[in-house]
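Per my numbering, residue 75 is the first one in the sequence shown, and the count goes up by one each step.
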Amino acid sequence: MEKKDLWKINWDALGVSASLACAIHCAVLPLFLTTLPLFGINIIDNLQFELFMIALAFCIGTISLYHGWKKHHHNKWPLFIFSAGMLCLFAKEIWHQFHILLLIPAVLLIVGAHFYNYRLCRAAQHCHSDDCNH
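What follows is the structure in structure tokens.
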């Protein structure tokens with residue numbers, strides 16, 4: 075293994091990890107809501123925190139999917155699926171009464187886009203040749 079391979083980032087794995095971390099955050103957060111005010115932390119309905127998390131997931135996901143599209147499969151569907159998921163995620167911040175109805179498809183679309191991107195990257199024939207440098 076070359077030295078430059080040690081610093082190579084698997085963007086799909088990072089994107090899926092960020093999406094799963096977001097899903098865990100949304101699922102586990104209610105368990106901690108009752109104890110956080112004891113420590114002076116208020117993230118209940120903290121719009122700035124939620125928008126920061128959405129922006130972070132968007133940045134990591136976009137980089138991940140762009141890499142797969144540009145370097146491997148040239149299929150834009152993962153980008154479209156991811157964008158639909160991100161729109162649902164953003165929409166849940168606007169329409170709070172539909173929080174769960176928008177969160178579930180958002181997570182499924184975002185994780186699905188990364189999984190689809192991963193499958194397309196693995197299926198691309200040039201990715202498995204000896205001269206592949208990415």
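Just so you know, even glycine gets a beta-carbon here, dropped at the ideal spot from N, CA and C.
Treat the numbers as computed from the prediction; the structure is a model and nothing was measured.
Residue burial classification, residue i (beta-carbon count within 10 angstroms, cutoff 16)
i	result
K150	exposed
K166	buried
N207	Note on N207: pLDDT 49, under 50, position unreliable in the model; no value is reported.
F172	exposed
N120	exposed
W169	exposed
G135	buried
H102	For the record, residue 102 in the displayed sequence is Val; it is not His. V102 should be labelled exposed.
L112	exposed
H148	exposed
Identity of the residue in the options nearest residue i by Cα
i	options	result
G159	L112, G142, C96	C96
L194	A131, E124, L183, H141	H141
L130	H146, V90, G114	V90
H99	I134, I128, W169, N84	I128
A87	A198, A197, N191	N191
A198	V181, W143, W85, T109	W143
I137	G114, P152, F123	P152
Cβ pair residue i, residue j closer than 7 Å
i	j	result
F156	A187	yes
L139	C162	no
I174	S93	no
Handout entry: Ranges of the beta strand (DSSP E) found wholly within the stretch 165–190, counting only runs of at least 3
Key = Inside the stretch 165–190, DSSP marks no whole beta strand (DSSP E) run of 3 or more residues.
Practice task
Please go through the stretch 112–164 and give each complete alpha helix (DSSP H) segment of 4 or more residues, from N-terminal end onward.
Solution key: Taking only runs of at least 4 residues, the alpha helix (DSSP H) segments lying wholly in the stretch 112–164 are 121–142.
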